[in-house]
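**Student:** Numbering (this note's numbering), first residue to last: 70 to 290. Ideal Cβ placement from N, Cα and C applies to all residues, glycine included. Owing to the predicted nature of the structure, the values given are computational and were not obtained by experimental measurement.
(1) Do residue 178 and residue 216 have their C-beta atoms within less than 7 Å of each other?
(2) So, residue 182 versus residue 149, is the Cβ gap smaller than 7 Å?
(3) To the nearest angstrom, how far is the alpha carbon of residue 91 from that of residue 201?
(4) Closest to residue 172 by CA distance: which of 153, 163, 162 and 189 is it?
(5) Using the Cα positions of residue 203 and residue 258, report the straight-line distance between them to the nearest angstrom.
(6) Taking C-beta to C-beta, are residue 147 and residue 157 nearer than 7 Å?
(7) In three-state terms, what does DSSP make of residue 100?
(8) What number of angstroms, rounded off, separates the C-alpha of residue 227 from the C-alpha of residue 129?
(9) Name the DSSP beta bridge partners of residue 229, please?
(10) State buried or exposed for residue 94, treating a residue as buried only when at least 16 other CB atoms are found within 10 Å of its CB.
(11) With a 10 Å radius around its C-beta and 16 neighbouring C-beta atoms as the bar for buried, classify residue 76 as buried or exposed.
(12) Touching or not, the segment 120-139 and the segment 189-197, by the rule of three or more beta carbon pairs under 8 Å?
(13) Near residue 112, what residues of its chain come up, given a Cβ to Cβ distance below 6 Å and the 5 sequence neighbours on each side ignored?
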């Protein structure tokens, strides 16, 4: 009987096997297939922080806000990338995929990611989730607001820029509960749409192919 091959495990700060708290990361054959899972995990981490603040009910939130803003923003970015990636996998061959995707992974601007995802939404316009146009409007509104203050995914992570100045506008006021509500509504829809792309295996769309060729051309610039 042939014994199953045991894959080597890279360990850092781990506990003995079976200990609660151990986490195995990057275990799927293709790492890109996990992007929705990672998007969800950043979202849940943000939800936990919001819930903690809500239960606490008192005290300043000033320095506790940025981790929440960053986690939600990063989740949003990953969901947009997942949407484009899943549509690409379903609509173009492997060679085209290799050429098309580098720009997607390098991009951090939510508005530019939205431009990449627009053909995916247009090609899926017959779906109930997309048909009304509400999803694209919601994504556009939220992405635009966030990109105005954090276009490169730096401001919430690094509140002090390379010059030692604030990365955010002076007297920047936000409410973590309002922000969370806005995010949750959009992320719910994006999560569902990504599941539909995976489950239903969209048929090849000329619109998607054209857009992904444009992404590929941009990657060569």
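**Tutor:** From the atom records:
(1) By 1-based counting over the chain shown, the position of residue 178 is 109. By 1-based counting over the chain shown, the position of residue 216 is 147. Yes, these two residues count as a Cβ contact at 7 Å.
(2) Sequence index remark: in the chain shown, residue 182 carries index 113 (1-based). Sequence index remark: in the chain shown, residue 149 carries index 80 (1-based). Yes; because the gap between Cβ atoms is below 7 Å, this pair is in contact.
(3) On the chain shown, position 22 is the one that residue 91 refers to. On the chain shown, position 132 is the one that residue 201 refers to. Taking the straight line joining both Cα atoms gives about 44 Å.
(4) Position 103 of the chain shown, counted from the first residue, corresponds to residue 172. Ranked by how close their Cα comes to the Cα of residue 172, the residues 153, 163, 162 and 189 have 153 in first place.
(5) Residue mapping note: residue 203 aligns to position 134 of the chain shown, counting from 1. Residue mapping note: residue 258 aligns to position 189 of the chain shown, counting from 1. Rounded to the nearest whole angstrom, the C-alpha separation of residue 203 and residue 258 is 10 Å.
(6) Position 78 of the chain shown, counted from the start, is the residue given in the question as residue 147. Position 88 of the chain shown, counted from the start, is the residue given in the question as residue 157. Contact flag unset, no.
(7) Sequence index remark: in the chain shown, residue 100 carries index 31 (1-based). Correct three-state label for residue 100: helix.
(8) Residue mapping note: residue 227 aligns to position 158 of the chain shown, counting from 1. Residue mapping note: residue 129 aligns to position 60 of the chain shown, counting from 1. Straight through space, the alpha carbons of residue 129 and residue 227 are spaced by roughly 20 Å.
(9) Taking the first residue of the chain shown as position 1, residue 229 is located at position 160. 235.
(10) On the chain shown, position 25 is the one that residue 94 refers to. With fewer than 16 Cβ atoms within 10 Å of its Cβ, residue 94 is classed as exposed.
(11) Taking the chain shown and counting its residues from 1, one reaches residue 76 at position 7. So residue 76 ends up on the exposed side.
(12) no
(13) Taking the chain shown and counting its residues from 1, one reaches residue 112 at position 43. Once the five neighbours on either side are set aside, the close Cβ partners of residue 112 are 144 and 256.
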